[in-house]
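> So that we are looking at the same thing, I have put the structure below in structure tokens.
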Amino acid sequence: MSSENGKRLLETDAGGLNFEATELTLGLPGEPRVTSDGGAKLGSKRGFSETVDLKLGDNNQEVKLGHSLQEAAKSPVSKTQVVGWPPVRGFARRGKKSCKYVKVAVDGAPYLRKVDLEIYNSYQQLLTSLEDMFSCFTIRNYLNEKKIDQVNGIEYMPTYEDKDGDWMLVGDVPWQLMKSSEAVGLGLKTAPKYSSTN
Amino acid sequence: MLKKMAFSFPDEVLEHVFSFIQSDKDRNAVSMVCKSWYEIERWCRRKVFVGNCYAVSPRMVIRRFPEFRSIELKGKPHFADFNLVPDGWGGYVFPWIAEMAGAYPWLEEIRLKRMVVTDESLELIAKSFKNFKVLVLSSCEGFSTDGLAAIAASCKNLKELDLRDCEVDDLSAHWLSHFPETYTSLVSLNISCLGSDEASFSALERLVRRCTNLKTLRLNRAVPLDKIANILRHAPQLVEFGTGTYTADVRPDVYSDLAGVFSSCKELKSLSGFWDVIPDYLPAIYPVCSKLTSLNLSYATIQSPDLIKLVSHCPNLQRLLVLDYIEDSGLEVLASSCKDLQELRVFPSDPFGAEPNVSLTEQGLVAVSLGCPKLQSVLYFCRRMSNEALVTIARSRPNFTRFRLCIIEPKTADYLTLEPLDVGFGAIVQYCKDLRRLSLSGLLTDRVFEYIGTYAKKLEMLSVAFAGDSDLGLHHVLSGCESLRKLEIRDCPFGDKALLANAAKLETMRSLWMSSCAVSFAACKLLGQKMPRLNVEVIDERGPPDSRPENCPVDKLYIYRSIAGPRFDMPPFVWTMDEDSGLRLS
């Protein structure tokens, strides 16, 4: 759904673009590219911080470059894992039994991500984590702001699809309730006048 | 004259003497002195230990020991902890429960490790043993809270229910309400592995309140911080306590309540839990820190300064489990503050990251080894090591009994000299003469195994990964380590020669595990054929091993001695090499 929108926007905007900037590679959305010698080399992968210049659909798009290169150096790509090595017991399941994975789609991002809601204890933690994952977008912190600021430009609204298939704004129901029963998929949709209802 | 006297003791006298002998090993030795001692001993053995549930059948145990009250069984091989043993491999406890249900209505204690326990098994336990007192399930799986409800409802004399590291199907927290209101005998409860969100706090509180003999209580993550005060208020006699999630909005009233309640726990010696801990609430436990002997912070994702502050308050600490956030600096403080430290485990906070995320190196381990004269057991994950450090550690701490080192990247060389770590580990086995358990890592050649075979005479368990050059390595270990009971190997170039040359040794050991090595199917068949008292099991998820050439290496191999013969509960991906399989060899 969102990925289709994203692709269409890229094509129609081809006019003012540097072709290299639109080159799709294997980088995951939100992974910043590290070019300084201090950081880990990600090879030919490029993160979204590069493609953000594309001005996807609006003039005054607020762009947040997410991690600085310095910070990026601290979070390099994990190497491929050997089964059962290092010998840590049930590491991924440390202290938790259940796993509630939901898909996260962002309007304009070519890849979806998956997050495990179980590892978060509050909306705030989830939003922070989503911001890290989709570092080029500002995600509206709906919990703290009452009005949609349309003067400064588009921000992304965190929404989720509930079990009835309706798109709901994140924050209305208590965290535990949303986590355990409501959320099927999370989305980061552009502000109301741009969002598509499926 | 002396001989006559030995035979003239009446049985009751010998039985009385034997009652002072509790250790399993000693009991086994006693039973081998002569036939009459064997007979007397078997009638009065009250605790049976079976290190491998497939080494003997339930019926054989029941036949030999007609009056035991307590049994301990172990199932899957240790590497199952790291997902190397596929699901469905085995280790089912039900056949044991079924046999004992008929033969031992007075059974009191069951302790299981790495076994598959179903709700049906738990229900059968609840129904069959009227005086049932102790259930300890360690790293078990296969049951749900329904099974626990059955135990709670029926076992009126239950004293201990410990579910450490189990995988439980958490259907409902209400199983706790199945303990009747008249039930008050609980002494130890460990439910730290349970995950359900809607925990039945009121049932838990009521249970704690009425069980005035409760000494150990380990809660699960779902219990919020503000509930802890209520629970502890009614259990000031607790000796061991595990918190739930240790985070909450910072509120002075919650904090002072918590601090007050901890102050009133004068017997507290062991603390654990601390999921999601925030530093603001840690000082609440300071009142009990000076008496603490055991502290498990392996879920506490706090940074070094907070860990240092905490550890400095615990001068009597004997056992510490912590994440590598403690860093070298924290371990240096530990070394100077905790002179009674006996056991240290440092776990990796980011085991799959490519780069170190914390400043924890071999220096931390060196500091603790130098500073803590009673240190005897270590499990340490780090990213670099040197022979120099290992030699220093070995020289300063010859009293190590358990030394498990995991250098996270396989085949990592000495970072100073770029040499293998053979000499370093060699020093460990040479100086630490009482070493019983050793885990190797880093870049290692056959040389390290030569050292191990030469010096590690008391070694009982050895874990090897990504090490060695040839069969000679394995041969050194099998031929040299006289006390070896368990050997587990993965990803090493060990093949048929050493295994076949030391086949007889395998009968003196509990078990051998080899995965991703170079042992051929043909060798497995030969071993199975020649050694009838060994069960040689090939685990291969690629399909039947005889669908490939015989000289193809098998994926996983598990060999264990057994007097029960091959087992019959194997899943489709496990093949046993018994005597008949050898007939097909040309």
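Protein sequences appear in the order of chains U and G. Its first residue numbered 1, the first sequence is counted upward by one per residue in full-length UniProt numbering. Its first residue numbered 1, the second sequence is counted upward by one per residue in full-length UniProt numbering. All C-beta atoms, glycine included, are put in the ideal place defined by N, C-alpha and C.
1. Answer with buried or exposed for T245 of chain G, where buried requires no fewer than 16 other C-beta atoms within 10 angstroms of its C-beta.
2. Please state whether DSSP places W575 of chain G in a helix, a strand or coil.
3. Can you confirm whether the stretch 349 to 367 of chain G touches the stretch 288 to 300 of chain G when touching is taken to mean that 3 or more C-beta pairs between the two stretches lie within less than 8 Å?
4. Measure the C-alpha to C-alpha separation of G106 of chain U and L459 of chain G and round it to an integer number of angstroms.
5. What are the start and end residues of each continuous beta strand (DSSP E) run of 3 or more residues lying completely inside the stretch 530 to 574 of chain G, in chain order?
6. In chain order, what residues of the same chain lie with their CB nearer than 8 Å to the CB of L124 of chain G, ignoring the 5 residues before and after it?
7. If the cut is a Cβ gap below 9 Å, which residues of chain G does W167 of chain U touch?
8. Three-state secondary structure (DSSP) at G84 of chain U?
9. Classify residue 674 of chain G as helix, strand or coil using the three-state DSSP reduction.
10. For L534 of chain G versus I563 of chain G, is the C-beta distance shorter than 8 Å?
11. What are the complete beta strand (DSSP E) segments, minimum 3 residues, inside the stretch 334 to 419 of chain G?
12. Ordered along the chain, which non-local residues of its own chain (more than five positions away) have a Cβ less than 7 Å from that of G582 of chain G?
13. Since R218 of chain G and V261 of chain G should fall inside the 8 Å C-beta cutoff, what is the C-beta to C-beta distance between them, to a whole number of angstroms?
14. So which residues of chain U does L84 of chain G contact, with C-beta pairs closer than 8 Å?
15. With a threshold of 8 Å on Cβ separation, who are the neighbours of E181 of chain G within its own chain once the five nearest residues in sequence on each side are excluded?
16. Which chain U residues sit within Cβ distance under 7 Å of A153 of chain G?
17. So V448 of chain G and A467 of chain G are supposed to be a Cβ contact under 8 Å. How far apart are they, rounded?
18. Throw me the rounded Cβ distance for the K113 of chain G and K159 of chain G pair, which I believe falls under 8 Å.
19. Could you tell me whether the stretch 173 to 191 of chain G touches the stretch 145 to 160 of chain G, where touching means 3 or more Cβ pairs closer than 8 Å?
20. Identify, in the order they occur along the chain, each residue of the same chain with its Cβ nearer than 8 Å to the Cβ of S312 of chain G, setting aside the five sequence neighbours on each side.
21. When DSSP labels each residue in this structure, what does A105 of chain U get in the three-state scheme?
22. So, for M514 of chain G: in the same chain, excluding its five sequence neighbours on each side, which residues have a beta-carbon less than 6 Å away from its beta-carbon?
23. Determine the direct distance from the alpha carbon of K35 of chain G to that of P10 of chain G, and round the result to whole angstroms.
24. For a cutoff of 8 Å on Cβ pairs, would you count P348 of chain G as touching chain U?
25. Give the straight-line distance between the Cα atoms of I408 of chain G and L360 of chain G, rounded to the nearest whole angstrom.
26. Find the residues of chain G that neighbour V88 of chain U, judging by a C-beta separation of less than 8 Å, and give them in chain order.
27. May I have the straight-line CA-CA distance separating M32 of chain G from P493 of chain G, to the nearest angstrom?
28. Whole angstroms are fine: how far does the CA of K497 of chain G sit from the CA of S172 of chain G?
29. In or out: R89 of chain U buried (at least 16 other Cβ within 10 Å) or exposed?
30. Output needed for V50 of chain G: all residues of its chain with C-beta closer than 8 Å, excluding positions within five of it in sequence on either side, in chain order.
31. Anything in chain U within Cβ reach of P410 of chain G, meaning under 8 Å, just list it in chain order.
32. Out of G:A203, G:P373, G:A389, G:V134, point me to the one whose CA is closest to F400 of chain G's CA.
33. Assuming E550 of chain G and S520 of chain G make a contact with CB atoms under 8 Å, what is their CB distance in whole Å?
34. Can you pull the chain U residues whose beta carbon is under 9 Å from the beta carbon of L79 of chain G, in chain order?
35. Chain U partners of C406 of chain G, CB-CB under 7 Å?
36. Which value, in whole angstroms, describes the spacing of the CA atoms of E267 of chain G and L214 of chain G?
Concretely, from the data shown:
1. Burial of T245 of chain G is indicated by the presence of at least 16 other C-beta atoms within 10 angstroms of its C-beta.
2. The DSSP-derived three-state label of W575 of chain G is strand.
3. By the Cβ test, the stretch 288 to 300 of chain G is not in contact with the stretch 349 to 367 of chain G, since fewer than three Cβ pairs between them sit closer than 8 Å.
4. It should be pointed out that residue 106 of chain U corresponds to Val in this sequence rather than to Gly. Whole-angstrom Cα-Cα distance: 56 Å.
5. As far as the stretch 530 to 574 of chain G is concerned, its whole beta strand (DSSP E) runs of at least 3 residues are 534 to 539, 556 to 561.
6. In the same chain as L124 of chain G, and ignoring 5 residues on each side of it, the C-beta atoms closer than 8 Å to its own belong to F94, I97, A98, A101, in chain order.
7. Correct list: empty, because the minimum Cβ distance to chain G is about 25 Å.
8. Of the three classes helix, strand and coil, the one that applies to G84 of chain U here is coil, per DSSP.
9. There is no way to answer for residue 674 of chain G, as the model of chain G reaches only from 1 to 586.
10. No.
11. For the stretch 334 to 419 of chain G, whole beta strand (DSSP E) runs of length 3 or above, ordered along the chain, are 343 to 347, 377 to 382, 402 to 407.
12. Here G582 of chain G scores only 45 on pLDDT, less than 50, and its place in the model is too uncertain to base an answer on.
13. Between the beta-carbon of R218 of chain G and that of V261 of chain G there is about 17 Å, and that puts the pair past the 8 Å contact cut.
14. The contacting residues are V83, G84.
15. Result list for E181 of chain G: R206, R210, in chain order.
16. In chain order: nothing, as chain U lies at least about 23 Å away.
17. Distance from V448 of chain G to A467 of chain G at the Cβ level is roughly 7 Å; contact confirmed, criterion being Cβ atoms closer than 8 Å.
18. K113 of chain G to K159 of chain G, Cβ: 19 Å. No contact.
19. Counting Cβ pairs under 8 Å, three or more are found: they touch.
20. Closer than 8 Å at the Cβ level, and outside the excluded window around S312 of chain G, lie V333, S337.
21. Strand at A105 of chain U.
22. Close CB contacts of M514 of chain G within its chain, under the 6 Å cut and outside five residues either way in sequence, are with I489, L557 (chain order).
23. Computed Cα separation, rounded: 14 Å.
24. Output row for P348 of chain G: interface = yes.
25. C-alpha of I408 of chain G to C-alpha of L360 of chain G: approximately 12 Å in a straight line.
26. By Cβ distance, chain G contributes F82, F347, P348, P351, F381.
27. Near 40 Å, if we compare the C-alpha coordinates of P493 of chain G and M32 of chain G.
28. Near 53 Å, if we compare the C-alpha coordinates of K497 of chain G and S172 of chain G.
29. Exposed: under 16 other Cβ atoms inside 10 Å.
30. If the five residues before and after V50 of chain G are omitted, its C-beta is found closer than 8 Å to the C-beta atoms of V56, V61, I71, E72, L73, K74, all from its own chain and listed in chain order.
31. Chain U residues near P410 of chain G: V82, W85.
32. Between F400 of chain G and the set G:A203, G:P373, G:A389, G:V134, the nearest pair of CA atoms involves G:P373.
33. With a Cβ gap of about 6 Å, E550 of chain G and S520 of chain G count as contacting.
34. Contrary to the premise, residue 79 of chain G reads as Phe rather than Leu in this sequence. Chain-ordered, the chain U residues with CB closer than 9 Å to the CB of F79 of chain G read G84, P87.
35. Scanning chain U for C-beta atoms nearer than 7 Å to the C-beta of C406 of chain G yields P86, P87, reported in chain order.
36. E267 of chain G and L214 of chain G: Cα-Cα distance of roughly 12 Å.
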